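Protein sequences appear in the order of chains X and S. For reference, each letter of the first sequence is one residue, going 1 to 403 in my numbering. For reference, each letter of the second sequence is one residue, going 404 to 637 in my numbering.
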Amino acid sequence: MKICFLLPDLSPSGGAAVAAAHAGGLQRDHGVETELRTLDDGEARGRYDVAIATWWQTVPALWQLDAARRAVLLQSFEQRFYDRDAPFERLSAESTLAMAVDFIGVAAWMRDVLSELRDGARCWVVRPGIDKECFTAPRDVRREGPLRVLIEGQPSLPFKGVEDAVQAVRAMREPAHSTLVALDGAAADDVDVDRVLTGLDRDAMAALYRDSDVLIKLSRVEGLGLAPIEAFHTGLPCVVTPFTGHEEYARHRENALVVGFDDRAGTSAALDLLASDRDLLAQLSSGARATAASWPSSAESTRLLHEVLLELTAAAPARADDALLARTLALHADLGRGRIQQAASTERALTVAQDLVHELSLSREDCRDMLEDARAELDRIQGSVPYRLGRAAKQAGRALRRR
Amino acid sequence: MSSPVSLLAAPADASLAGAPGSPNRGDGPVVALADAADGPALPAVRWLGRAPSADDPPAERLMAPAGDGLWRAAPWPAADALFELDAAVGSRCLVAGADPELREAVVERAAARGAALEQVEQLDAGRLAGAACVVFADSPSGALPARAFAVLAARRVLIVPRLETAFGLEDGLDHVQFAAPDEAVTLVEAYRRTPEAFARITAWGRLKAEAQRASVVYGRLAEDLRPHGLAGRT
Numbered sequence: 001m002k003i004c005f006l007l008p009d010l011s012p013s014g015g016a017a018v019a020a021a022h023a024g025g026l027q028r029d030h031g032v033e034t035e036l037r038t039l040d041d042g043e044a045r046g047r048y049d050v051a052i053a054t055w056w057q058t059v060p061a062l063w064q065l066d067a068a069r070r071a072v073l074l075q076s077f078e079q080r081f082y083d084r085d086a087p088f089e090r091l092s093a094e095s096t097l098a099m100a101v102d103f104i105g106v107a108a109w110m111r112d113v114l115s116e117l118r119d120g121a122r123c124w125v126v127r128p129g130i131d132k133e134c135f136t137a138p139r140d141v142r143r144e145g146p147l148r149v150l151i152e153g154q155p156s157l158p159f160k161g162v163e164d165a166v167q168a169v170r171a172m173r174e175p176a177h178s179t180l181v182a183l184d185g186a187a188a189d190d191v192d193v194d195r196v197l198t199g200l201d202r203d204a205m206a207a208l209y210r211d212s213d214v215l216i217k218l219s220r221v222e223g224l225g226l227a228p229i230e231a232f233h234t235g236l237p238c239v240v241t242p243f244t245g246h247e248e249y250a251r252h253r254e255n256a257l258v259v260g261f262d263d264r265a266g267t268s269a270a271l272d273l274l275a276s277d278r279d280l281l282a283q284l285s286s287g288a289r290a291t292a293a294s295w296p297s298s299a300e301s302t303r304l305l306h307e308v309l310l311e312l313t314a315a316a317p318a319r320a321d322d323a324l325l326a327r328t329l330a331l332h333a334d335l336g337r338g339r340i341q342q343a344a345s346t347e348r349a350l351t352v353a354q355d356l357v358h359e360l361s362l363s364r365e366d367c368r369d370m371l372e373d374a375r376a377e378l379d380r381i382q383g384s385v386p387y388r389l390g391r392a393a394k395q396a397g398r399a400l401r402r403r
Numbered sequence: 404m405s406s407p408v409s410l411l412a413a414p415a416d417a418s419l420a421g422a423p424g425s426p427n428r429g430d431g432p433v434v435a436l437a438d439a440a441d442g443p444a445l446p447a448v449r450w451l452g453r454a455p456s457a458d459d460p461p462a463e464r465l466m467a468p469a470g471d472g473l474w475r476a477a478p479w480p481a482a483d484a485l486f487e488l489d490a491a492v493g494s495r496c497l498v499a500g501a502d503p504e505l506r507e508a509v510v511e512r513a514a515a516r517g518a519a520l521e522q523v524e525q526l527d528a529g530r531l532a533g534a535a536c537v538v539f540a541d542s543p544s545g546a547l548p549a550r551a552f553a554v555l556a557a558r559r560v561l562i563v564p565r566l567e568t569a570f571g572l573e574d575g576l577d578h579v580q581f582a583a584p585d586e587a588v589t590l591v592e593a594y595r596r597t598p599e600a601f602a603r604i605t606a607w608g609r610l611k612a613e614a615q616r617a618s619v620v621y622g623r624l625a626e627d628l629r630p631h632g633l634a635g636r637t
């Protein structure tokens, strides 16, 4: 079997790491000829049994390859990465769900949503595996000292909720020490934490988990959110918002505390509770390890992916879902129409305001001209003989009265 | 099913945000929705649908979607029964919410454009069951209206003003936001024109409402209010 994973580029990301781990495992353990290609790579040679896109922008490129089957490694519903000010990215990302591809999702909830959105969609679930040799070593829960809070996420991505986490730690009543760990340092300089670590490799991440008391992740958008499950393997519990994917592993008061979105007071209270109740922290740590024990290893995950690929190649090629595409276009057109009407109405209001400003400006010029005319008239009057005579007579009269 | 909390609420509010079990008088801590009261006893939590004010009935702790001095910030949960409501039939659209001027403005613009919208002062499960879409003319201090998750749980289209605090909801994915009454009407018209296109929005809305399911939320609240829980200080 020959397959390729299509990456947008080689910059580090959680999604690329999952694809790269699978690629290595398929080649090493299952004899699958595997390539990692980027959008910048030149023309591909040969035919692939399966070409797998890993990001919405790589989906169209699947058709530039000679591939018997096309699939998407669905790690998130990527239209969610864009807000209302990026309507075209949203539309493009969502449209890929209707294309002639099969799906390999990283979480069961994604398969469930996809099956609701796209009737008959084929979606296999392959949870990303964890390197159990690296993310291991049981840890003792510290019974005293400031709570060491690890914040994970890229601060430049608002939907990762890093700022919310920082604020919640800052608002704690109990002593705490905060560390932000991010893939790169972009926007990390201004984050109000005790320490920022970036670009850590797996071993360094595992050591960091072991040196922390709790992981906090307040994301709003996730496919799965792998950091908490990595942390669980080192016995590190987490405080999380109920982001999509958290239900795959986080259980309130068993291995985590689940807090509400946008609830800073509640989040700080959860952290304070863990700082003051180390028995609870130990109980959650134990729950975290139990959850980790049933999570697939990297090898198990890749073995499952291999089985999926065999099944996928045995099945008929996927067909596009024209009805879903039509619905997607209709929805985005409607949402866009609302935005455009709003923008048009704002533009009309601006035009009216601009006209008023122009009118005011003209009036001001008229006033200035009138003022200048009045001043000239005043000068003329003050320079005239009758005015000067009158003024002299008035001054003489005043002088006489004073005597 | 017994309720993890003892809920005090007006019938309309209980139908949208009540705990499972009937009546909602469990053995757990007393949670009062809005200004519901029952004798002199202080509820453990008063969960307001708007920012607190000095005139609010007393309680040991305050919750609300927005405001100062809150014990927790959150919109109301969605009653479990709403998740079982039949799919919307027809295209009836309600305008609800605590801002009567905005409500009136939306209805007025709709009338001017020939779109029928029905204004309701008090939303409840019965009215929700008969609607396909709800415009909330309400965003307390820029936050999601307290009753919004009830609409999502029922798989109805939720249209709200632009929000600063959305409690995990995503504009354009699981609900839609409007900047002005005309935009709200445009969205209603769009829904009526192609309801099948909005199925994606209601599917995501239902999924997001799961985390706000009353049995889950009140269960956690009861745990947090136990001694040595997350009670903290107000």
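Where is the CB? At the ideal position from N, CA and C, for every residue including glycine. Bear in mind the structure is a predicted one, so any value in this text is a computation, not a measurement.
- Task: Reducing DSSP to helix, strand and coil, say where S/Q522 ends up.
- Result: In this structure, S/Q522 counts as strand in the three-state DSSP scheme.
- Query: In chain order, what residues of the same chain lie with their CB nearer than 7 Å to the CB of X/T291, ignoring the 5 residues before and after it?
  - Reply: Around X/T291, the same chain offers F232, Y249, N255 as residues with beta carbons nearer than 7 Å, after the five sequence neighbours per side are excluded.
- Message: Checking 9 Å against the spacing of the C-beta atoms, do X/F484 and X/R70 come in under that value?
- Response: Chain X is shown from 1 up to 403; residue 484 of chain X falls before or after that span and cannot be answered.
- Message: For X/R195 and X/A19, what's the separation of their Cα atoms in angstroms?
- Response: Looking at the two C-alpha atoms, the distance is approximately 30 Å.
- Query: Closest Cβ-Cβ distance between X/S297 and chain S: below 9 Å?
  - Reply: No Cβ of chain S is located within less than 9 Å of the beta carbon of X/S297.
- Over the uninterrupted beta strand (DSSP E) stretch that includes S/C496, give me the two end residues. It spans 496-499 - the beta strand (DSSP E) in which S/C496 sits, taken as one unbroken run.
- Hey, out of X/V258, X/G235, X/S178, whose CA is closest to X/H246's CA? Measuring from the Cα of X/H246, the nearest candidate turns out to be X/V258.
- Anything in chain S within Cβ reach of X/P242, meaning under 8 Å, just list it in chain order. By Cβ distance, chain S contributes G571, A614.
- Item | Reduced DSSP secondary structure (H/G/I, E/B, other) of S/P564 | Here S/P564 sits in strand by DSSP.
- Task: Compute the distance between the beta-carbons of S/P480 and S/F552, then report whether it is under 9 Å.
- Result: Yes.
- Query: Along chain X, in chain order, which residues have C-beta atoms closer than 7 Å to that of S/E599?
  - Reply: For the C-beta of S/E599, the chain X residues within less than 7 Å are, from N- to C-terminus, R327.
- Item | C-beta atoms of X/D213 and X/L117 nearer than 9 Å | Against a cut-off of 9 Å, the Cβ pair of X/L117 and X/D213 comes out as no contact.
- Item | Between the CA atoms of X/A168 and X/I3 - distance to the nearest angstrom | When rounded, the distance between both Cα atoms is 45 Å.
- Enumerate in chain order the residues of its own chain whose CB-to-CB distance from X/E300 is below 8 Å, with the five nearest sequence positions on each side excluded. In the same chain as X/E300, and ignoring 5 residues on each side of it, the C-beta atoms closer than 8 Å to its own belong to G129, in chain order.
- So which residues on chain S does X/E116 lean against when the C-beta distance must stay under 7 Å? For X/E116, the chain S residues whose Cβ falls inside 7 Å of its Cβ are A606, in order along the chain.
- Task: Would you verify that the beta carbon of S/Y621 is, or is not, closer than 9 Å to some beta carbon of chain X?
- Result: It does not; no Cβ of chain X falls within 9 Å.
- Task: For X/D322, collect the residues of the same chain with a Cβ closer than 8 Å to its Cβ; drop the 5 residues on either side in sequence, then sort them by chain order.
- Result: Cβ within range, chain order: A98.
- Item | Where X/M437 sits in the DSSP three-state scheme | Outside the shown range of chain X, which is 1 to 403, sits residue 437 of chain X, and nothing can be said about it.
- Is it the case that the Cβ atoms of S/F570 and X/F261 are separated by a distance below 9 Å? Contact: yes.
- Item | Within chain X, partners of S/V346 - CB distance below 8 Å | As displayed, chain S neither begins before 404 nor continues past 637, which places residue 346 of chain S out of reach and without an answer.
- Query: For X/F261, which three-state DSSP category applies?
  - Reply: Under the three-state reduction of DSSP, X/F261 is assigned to coil, being neither helix nor strand.
- Under a Cβ-count criterion, where at least 16 other Cβ atoms within 10 Å of its own Cβ denotes burial, should S/A476 be classed as buried or exposed? Classification for S/A476: buried.
- Chain-order list of residues whose beta-carbon lies under 6 Å from that of X/R148 (same chain, five-residue window excluded): Excluding its 5 nearest sequence neighbours in each direction, X/R148 has C-beta neighbours in its own chain below 6 Å: H177, S212, D213, listed in chain order.
- Query: For X/M110, which of helix, strand or coil comes out of DSSP?
  - Reply: Secondary structure of X/M110 (DSSP, three-state): helix.
- For chain S, is any of its Cβ atoms less than 9 Å away from the one on X/A330? So yes, X/A330 belongs to the interface.
- Could you please give me the residues that DSSP links to X/W124 through a beta bridge? Paired residue(s): X/I104.
- So with Cβ pairs under 9 Å, would you call X/Q341 a contact of chain S? At least one beta carbon of chain S lies nearer than 9 Å to the beta carbon of X/Q341.
- Item | Chain-ordered neighbours of S/L590 on chain X, where CB pairs are closer than 7 Å | Within chain X, the residues near S/L590 are G338.
- Task: Just the chain X side, please: which residues come within less than 8 Å of S/W464 by C-beta, in chain order?
- Result: Note that residue 464 of chain S corresponds to Arg in the displayed sequence, not to Trp. Chain X residues near S/R464: none, gap ~10 Å exceeds 8 Å.
- Task: Flag S/P584 as yes when its Cβ comes closer than 8 Å to any non-hydrogen atom of the ligand NAP, and as no otherwise.
- Result: With respect to the ligand NAP, the structure shown offers nothing to examine, as it has no ligands at all.
- Query: Residues in the stretch 521-541 of chain S with C-beta within 8 Å of chain X's C-beta atoms, listed in sequence order?
  - Reply: The residues in question: there are none.
- Item | Within-9 Å CB hit, X/A265 to chain S | At least one chain S Cβ lies under 9 Å of X/A265.
- Item | Member of S/L547, S/H578, S/A514 whose CA lies at the smallest distance from the CA of S/L561 | Answer by Cα proximity: S/H578.
- Could you tell me whether any Cβ in chain X is nearer than 9 Å to the Cβ of S/R550? No, its Cβ sits nowhere closer than 9 Å to a Cβ of chain X.
- Whose CA, out of S/V523, S/T568, S/D438, S/R609, lies closest to the CA of S/F539? Ranking S/V523, S/T568, S/D438, S/R609 by Cα distance to S/F539 puts S/V523 first.
- Pull up the distance between the alpha-carbon of S/S618 and that of S/G421, whole angstroms please. Between S/S618 and S/G421, the C-alpha separation is close to 9 Å.
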